[in-house]
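For reference, the structure is listed below as structure tokens.
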Amino acid sequence: MQLHTLTAHELLEKIKNKETNAKEICESISRRIKSIDSKVKAYVRRGENKLPSKEAFYDNGTILKGIPVAIKDNICTKGLATECCSHILDNFIPPYDATVIKKLKDAGALIWPDKTNMDEFAFGSSTENSFFGPTHNPWNLECVPGGSSGGSAACVAGEEAVFALGSDTGGSIRQPASFCGVVGLKPTYGRVSRYGLIAFASSLDQIGPITKDVRDSAFLLNIIAGKDIQDSTSADIAPPDFTRSLEKDIKGLKAAIPKEYLVAGIDSQVKKNIEEAIAKLKELGLECKEVSLPHTEFAVPVYYIIATAEASSNLARFDAVQYGLRSKKQRSKALNRLLEMYASTREEGFGQEAKRRIILGTFVLSHGYYDAYYLRALKVRTLIKQDFDNVFKEFDCILTPTSPSAAFKIGEKKEDPLKMYLSDIYTISANLAGIPAISLPCGFTKDNLPVGLQILAKPFDEEMLLRVAYNYEQNTGWHKLRPKL
Ligand code: GLN
């Protein structure tokens, strides 16, 4: 058994039995990266893929014993470039670690080999909006890996990492996990500190694990969850041991199937896989019943108003003064050199999608349109949240597809933003409502592309969705299949 193919819990078992160590694990991963990453392009700066120095392989009785973890390029890592895959953050080397990174290091993880590719500032569903060019799906190199955490999902699926962190504002952990056949968990808003995550939409962003199986997902969440005084939106609710309930069965638990999710627009093979997954869960004792989430149809427009509004405000800080790119262009002998510097840097530094979102977001926040768009969207967001509250009065979880289709071809939707935005239909409601959601593999299309099942639960009930997911996974085994590369 090659070490790079194993999960974290399998590796830790081997380390415990003195069958291997962190150094051998990194060597195995390094060989794997050398052999496939020129095709997959999951990592951003492959030049930095040096083996860590000997001292880095510390054990010191830590939980993770020097096991490496791959990190999305929008999570600040001290001394290691963090650019959100944007030209405007050229060579930005954070002087501090995000709280999740600090927690991982304290647990004995190695932040290695590098940062993973993503859509610029996490704007996208395909990783095609990266300044570094697209990542390729390990199941079919002509397809996208999903996005925006496409690099993190692809490196886990391609066995170029043991596990990874991504961020999810509207599906960016779950949709790439589904496209790449791995497990992606978006925790409840407030469960994990956002300190050091470069903000996209602050009321929606969450960091979460992308892993080869459900047990690793629970295990990684244990390490990163919890209140943080550096993030006032992190919740003062003590996280349980998320691995504790995995083994409990699911007999008698109640699952809701929203009727709005399995209708028009869904790919027939995705639908078939989801129906089979539901049938399997019923067999395992889950009681499933159809429900309605009547405001589902408004989720996409509401999200793209709120997310762009917040993004336009968050991105205002990239002004060429404090960090990142500074344009050398002098467009005119303008008197106002400062404005000129802002303008030419932002023009050069932001990609097309970032500019589109800044313009959209500025528009919906502007005088005269604020009430008509932004304020209205906030009200509908409350209605979407109430839909979920109502369902959770009676049900323990909700089952849906993660995405209406499997991975699409590189280039297929890039020039049609509306088509791209509509593909987020099943994932964004969880962010708007702040609830936890997981995507796990539940089969394949005829073209051998993975399909993901999404499970949602009440706020702070990640244990429930991990338990349902684990029961499904252990009784099916889709997670054991890996792409042949
Ligand atoms: N695809 C969505 C968007 O483009 C979600 C991105 C995300 O979760 N970061 O905004």
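Letter by letter, the sequence shown follows residues 4 to 488 in the working numbering. Glycine included, every Cβ here is placed at the ideal spot set by N, Cα and C. All of these numbers come straight from a predicted model, not from anything done at the bench.
For residue i, collect the residues of the same chain with a Cβ closer than 6 Å to its Cβ; drop the 5 residues on either side in sequence, then sort them by chain order.
i	result
residue 3	Because the chain here runs from 4 to 488, residue 3 falls outside it and cannot be looked at.
residue 129	147, 150
residue 236	193
residue 239	230
residue 263	296, 299
residue 248	466, 470
residue 332	347
residue 137	130, 131, 413
residue 417	131
residue 388	436
residue 360	126, 311, 314
residue 365	315
Measure the CB-CB distance between residue i and residue j and report whether it falls below 9 Å.
i	j	result
residue 201	residue 107	no
residue 311	residue 383	no
residue 117	residue 67	no
residue 184	residue 439	no
residue 394	residue 282	no
residue 181	residue 426	no
residue 217	residue 473	yes
residue 451	residue 207	no
residue 155	residue 144	no
residue 400	residue 257	yes
residue 390	residue 298	yes
residue 459	residue 284	no
residue 81	residue 97	yes
residue 428	residue 377	no
residue 354	residue 139	no
residue 268	residue 290	no
residue 326	residue 95	yes
residue 215	residue 10	yes
residue 266	residue 398	no
What does a CB cutoff of less than 7 Å around residue i pick up in its chain, not counting 5 residues either side in sequence?
i	result
residue 198	101, 102, 231, 233, 234
residue 431	173, 174, 302, 303, 306
residue 35	7, 162, 163
residue 17	23
residue 191	437, 438, 439, 462, 463, 465
residue 449	272
residue 447	453, 454
residue 141	43, 157, 160, 161, 183, 486, 488
residue 476	216, 217, 443, 482
residue 31	5, 6, 7
Would you mind giving the Cβ-Cβ distance between residue i and residue j, rounded to the nearest angstrom? I have them listed as a contact below 8 Å.
i	j	result
residue 166	residue 223	6 Å
residue 328	residue 93	5 Å
residue 211	residue 253	In fact, because the Cβ distance is near 22 Å, the residues do not count as touching under 8 Å.
residue 120	residue 44	6 Å
residue 420	residue 277	About 26 Å; that fails the 8 Å criterion.
residue 220	residue 186	5 Å
With a threshold of 8 Å on Cβ separation, who are the neighbours of residue i within its own chain once the five nearest residues in sequence on each side are excluded?
i	result
residue 203	77, 124, 125, 126, 170, 172, 310, 313, 314, 317
residue 356	122, 123, 126, 127, 132, 420
residue 14	6, 23, 28, 70, 165
residue 114	71, 72, 74, 80, 83, 104, 107, 108
residue 330	323, 344, 347, 348, 350, 351, 352
residue 225	242, 244, 245, 246
residue 179	130, 148, 149, 150, 151, 152, 153, 155, 156, 157, 169, 187, 213
residue 381	309
residue 386	298, 301
residue 87	76, 77, 121, 123, 124, 125, 201
### Query
Which runs of the alpha helix (DSSP H) fall wholly inside the region 55 to 135 and span at least 4 residues, in chain order?
102 to 109
### Query
If we count Cβ pairs, one from each stretch, closer than 8 Å, do we get three or more for the region 265 to 272 versus the region 407 to 420?
yes
### Task
For the region 461 to 469 and the region 340 to 348, state whether three or more C-beta atom pairs, one from each stretch, are separated by less than 8 Å.
no
### Query
Hey, which unbroken runs of the alpha helix (DSSP H) at 4 residues or more fall wholly within the region 155 to 203?
177 to 183
### Message
List, from N- to C-terminal side, the alpha helix (DSSP H) runs of 4 residues or more that fit wholly inside the region 283 to 341.
### Response
302 to 317
### Task
Write down every uninterrupted run of the alpha helix (DSSP H) in the region 379 to 446 whose length is 4 residues or greater and which is fully enclosed by it, in chain order.
379 to 397, 420 to 425, 431 to 436
### Query
What alpha helix (DSSP H) runs, 4 residues minimum, are completely inside the region 230 to 290?
271 to 286
### Query
In chain order, what residues place their C-beta within less than 6 Å of a heavy atom belonging to the ligand GDP?
With respect to small molecules bound, the structure shown includes the ligand GLN and not the ligand GDP.
### Start-end ranges of the alpha helix (DSSP H) lying completely within the region 206 to 230, minimum 4 residues
217 to 227
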